[in-house]
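The structure appears below as structure tokens.
Numbering (the UniProt record's numbering), first residue to last: 1 to 279.
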């Protein structure tokens, strides 16, 4: 649907890449690893870059990409351009620390993770919770309304309509909790996952500790220490498996409701101008 596609568009990916680049610079500033802290006003200027991303900003990144022929490098140059135009001397001085020690996949995997994380939080889970709320209301309201159940398509023992809705509520609730419980991982270990460049510039720094804090504090992501150039993205499989099970349960719900309507136990809500057949 259009609501979900907006989270996984190229626009969204570029936006999150910009955010990752800016927050990495903010983290370096916070820890004073390579330069003295910039002024509070300059920190606010950096925050404004990520909070006020516009259509023209995304278009500018695409313009730069035409020259670089590299999507992530275009984002790096865009952020540096913003710092150069900020008019703040301390920001201009640190612009070469944009993307410092990073490989493209450091930026990309965090951006991908945030696209999925935000979509789950803002769209998918709330949608599931809305369905759950309605099922819970039906379960309570019709808890005493008797219903002849069926097994193998044949009449069986009695049940209640409320209990059958409670069954679906319970199943979907479980799926949502599983999806919500999936840890979304990210890496920030450099070109092949070994902190090679990091150790060259500062071998005594606790890079594992720093990166863990960075990913947790700035993105609420779980740090995946062991990786190659890329993050394995196994968590995406876990999320998709959970969504597949949730969707299978929703299909079961739709089939049961269809059968209730077919057996005249429920009445399909009529809408003006809708027709059931062209005959």
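Glycine is no exception: its CB is placed at the ideal position from the N, C-alpha and C atoms.
(request) Give every residue of the same chain whose Cβ lies closer than 7 angstroms to the Cβ of residue 146, excluding the five residues on either side of it in the sequence, and list them in chain order. (result) Closer than 7 angstroms at the Cβ level, and outside the excluded window around residue 146, lie 158, 160.
(request) Using only alpha-carbon positions, find the residue among 52, 107, 46, 89 that is nearest to residue 74. (result) The option with the nearest alpha carbon to residue 74 is 107.
(request) Give me the Cα-Cα distance between residue 149 and residue 155, rounded to the nearest whole angstrom. (result) C-alpha separation (whole angstroms): 6 angstroms.
(request) Using the Cα positions of residue 187 and residue 31, report the straight-line distance between them to the nearest angstrom. (result) Each residue's alpha carbon lies about 19 angstroms from the other.
(message) Within a Cβ cutoff of 8 angstroms, which residues of the same chain sit near residue 45, ignoring the five residues on either side of it in sequence?
(response) Once the five neighbours on either side are set aside, the close Cβ partners of residue 45 are 86, 88, 91.
(request) Can you give me the start and stop residues for the beta strand (DSSP E) that residue 154 sits inside? (result) For residue 154, the uninterrupted beta strand (DSSP E) run begins and ends at 154–160, by DSSP.
(message) Can you tell me where the beta strand (DSSP E) holding residue 151 begins and where it ends?
(response) That run of the beta strand (DSSP E) goes 146–151.
(message) Assuming contact is defined by CB atoms lying nearer than 7 angstroms, are residue 182 and residue 128 in contact in what I supplied?
(response) For residue 182 and residue 128, no; Cβs fall outside 7 angstroms.
(request) Taking only the alpha-carbon atoms, compute the straight-line gap between residue 230 and residue 248 and give it to the nearest angstrom. (result) Each residue's alpha carbon lies about 31 angstroms from the other.
(request) Grab me the residues of residue 228's own chain with a C-beta within less than 8 angstroms of its C-beta, minus the 5 sequence neighbours each way, in chain order. (result) These residues qualify, in order along the chain: 192, 193.
(request) Below 8 angstroms on the Cβ atoms is my guess for residue 61 versus residue 14; work out the distance and round it to an integer in Å. (result) Confirmed, about 5 angstroms.
(request) Provide the residue span of the alpha helix (DSSP H) that contains residue 32, from first to last. (result) No alpha helix (DSSP H) contains residue 32, which DSSP labels as neither H nor E.
(request) Would you mind working out which of 276, 219, 250, 138 sits nearest residue 24, comparing C-alpha positions? (result) Of all alpha-carbon atoms in 276, 219, 250, 138, the one lying nearest the alpha-carbon of residue 24 is that of 219.
(request) Counting only the same chain and skipping the five closest in sequence on each side, list residues whose C-beta sits under 6 angstroms from that of residue 135. (result) Contacts found: 165, 168, 169.
(message) Please return the same chain residues whose Cβ sits closer than 7 angstroms to the Cβ of residue 104, not counting the five positions on each side in sequence.
(response) Excluding residues within five positions, the ones whose Cβ falls inside 7 angstroms are 72.
(request) Rounded to whole angstroms, what's the CA-CA distance from residue 153 to residue 266? Just pull it up for me. (result) Approximately 17 angstroms between the Cα atoms of the pair.
(request) Taking all protein chains shown into account, decide if residue 198 is buried (16 or more other Cβ within 10 angstroms of its Cβ) or exposed. (result) Note on residue 198: 16 or more other CB atoms within 10 angstroms of its CB, so buried under the neighbour-count rule.
(message) Beta-carbon within less than 7 angstroms of residue 76's beta-carbon, same chain only, minus the 5 sequence neighbours each way: which residues are those?
(response) The answer, listed in chain order, is 21, 98, 99.
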